[in-house]
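Participant:
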Amino acid sequence: MRYFILIACFIFSNAAFAQATKWFPFENTNGHIRIPVTVAGIDTFAIIDSGSQVNAINLAFMEEHGLEYDSHQRINIKGAHGVKERKIYREIPTTLVGLDLNMEMVGIDLGHHQNGILLGAPVLNQFVLQFNYPEGKMRIAAPGTFNLREVGNLEMRAQKGSGQPLVKVNLNNEIERWLLLDTGNSGGIYMERIVATSYDWLKKYPSEMGLSRGVNEVANVEYFQLPTLGFGPYTLENIRVVVPAEGEAMDFGDRYSNVNSRTRGVKISGILGHDVLKHFILTLDYNNGLGHVYVAP
């Protein structure tokens, strides 16, 4: 995916911002952060997704507005529930936070056509992002604006190869695991079934069956309430945890990624999403794997 990153670096230079933008509102739609953008002259929304390794355009948005773009290349995109071949579209005119861009994006399914595009690693790893979840606003800062190496209070790292932000959490005061910090996930914790069964959580705590819809497929899942979650200096109670149903396959580490990528890093045991993050003001240095959270007084 080198071409995505090179284009993003060229367009999103640090000089585009005077250290940090002003706070601007975002929409919280079913746990997804959306900001207004313009694509091909059409007002729409971009989903901010720290768990995605690509930028993407919604196929439903293209169909709704009769958009067609050159596509001379395809890649296999791995979602949480499977792999599908997807087209890469070029020269998509996009206006994002005041910048006029021509972007390359992968065509995927993002639900309703009002979700025009998805912004992942090729854009997000150029900046430090601040999300004020309780007040529904965010801002974008140049690298180095905040000294997160000193003040960061999350144990984080950037995943080798993908650069995805990983955070270490304490599960029920019994075990620590690395999770993908995913602003594009609407749930609380989505993790490997083996972790839950190893500590008998599915027997200790009432559980129910349900469905999970990924970018490629739908899968059966089981969910329950975990008594405690340690997240940085904070302890949260009664967190909803989702695990794959028995016999269901799941890949937490490579959502919206190029299946041909060979680089591997630390073992990822699951995903941490909106239902945890919604309580905090989060500062995220995507590229360096640094983070800070606090609760506003």
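Residue numbers -18 to -1, 1 to 279, in mature numbering (1 follows the signal peptide of the UniProt record, and there is no 0), belong to the letters of the sequence shown in order.
No residue lacks a Cβ here, since even glycine has one placed at the ideal position from N, Cα and C.
Name the two residues that bound the continuous alpha helix (DSSP H) containing residue 150.
Facilitator: It is not in any alpha helix (DSSP H) - residue 150 instead sits in the beta strand (DSSP E) that spans 147 to 153.
Participant: Whole angstroms are fine: how far does the CA of residue 112 sit from the CA of residue 275?
Facilitator: Whole-angstrom Cα-Cα distance: 10 Å.
Participant: Check whether the region 10 to 23 and the region 251 to 260 touch, using three or more Cβ-Cβ pairs below 8 Å as the test.
Facilitator: The answer is yes - the region 251 to 260 touches the region 10 to 23, with three or more Cβ pairs under 8 Å.
Participant: If we ignore side chains and look at the alpha-carbon of each, how far apart do residue 108 and residue 100 end up?
Facilitator: Going by the C-alpha atoms only, they are around 16 Å apart.
Participant: For residue 277, does the three-state DSSP call read helix, strand or coil?
Facilitator: Residue state, collapsed to three classes: coil.
Participant: From this set, 210, 263, 38 and 189, which residue's C-alpha is nearest residue 102's C-alpha?
Facilitator: The shortest Cα separation from residue 102 among 210, 263, 38 and 189 belongs to 38.
Participant: Please confirm whether residue 207 and residue 124 have their CB atoms less than 8 Å apart.
Facilitator: Against a cut-off of 8 Å, the Cβ pair of residue 124 and residue 207 comes out as no contact.
Participant: Please report how far the alpha carbon of residue 244 lies from the alpha carbon of residue 58, in whole angstroms.
Facilitator: Its pLDDT being 46, under 50, residue 244 is placed unreliably in this model, and the coordinates cannot settle the point.
Participant: Where residue 56 and residue 98 are concerned, what is the direct C-alpha to C-alpha distance, given to the nearest angstrom?
Facilitator: Near 20 Å, if we compare the C-alpha coordinates of residue 98 and residue 56.
Participant: If we ignore side chains and look at the alpha-carbon of each, how far apart do residue 20 and residue 75 end up?
Facilitator: The alpha-carbon atoms of residue 20 and residue 75 are separated by roughly 8 Å.
Participant: Would you decide whether residue 78 is buried or exposed? Buried here means 16 or more other CB atoms lie within 10 Å of its CB.
Facilitator: Result: buried.
Participant: Let me know the secondary structure DSSP gives residue 117 once reduced to three states.
Facilitator: Looking at residue 117 - three-state DSSP - the assignment turns out to be coil, as it is neither helix nor strand.
Participant: State buried or exposed for residue 191, treating a residue as buried only when at least 16 other CB atoms are found within 10 Å of its CB.
Facilitator: By the neighbour-count rule (16 or more Cβ atoms within 10 Å), residue 191 is not buried but exposed.
Participant: Can you give the Cα-Cα distance for residue 23 and residue 204, rounded to whole angstroms?
Facilitator: Cα-Cα distance, rounded: 42 Å.
Participant: Could you tell me the boundaries of the alpha helix (DSSP H) in which residue 258 lies?
Facilitator: Residue 258 -> alpha helix (DSSP H) spans 256 to 259.
Participant: Only counting runs of 3 or more residues, tell me where the beta strand (DSSP E) segments fall wholly within the region 76 to 102, in order along the chain.
Facilitator: The region 76 to 102 contains these whole beta strand (DSSP E) runs: 81 to 90 and 97 to 101.
Participant: Give the straight-line distance between the Cα atoms of residue 157 and residue 227, rounded to the nearest whole angstrom.
Facilitator: Their backbone Cα atoms lie some 21 Å apart in a straight line.
Participant: Tell me whether residue 43 sits in a helix, a strand or coil according to DSSP, three-state version.
Facilitator: If DSSP states are grouped into helix, strand and coil, residue 43 belongs with the helices.
Participant: Mapping DSSP to helix, strand and coil, what is residue 183?
Facilitator: In the structure shown, residue 183 sits in a helix (DSSP, three-state: H, G or I).
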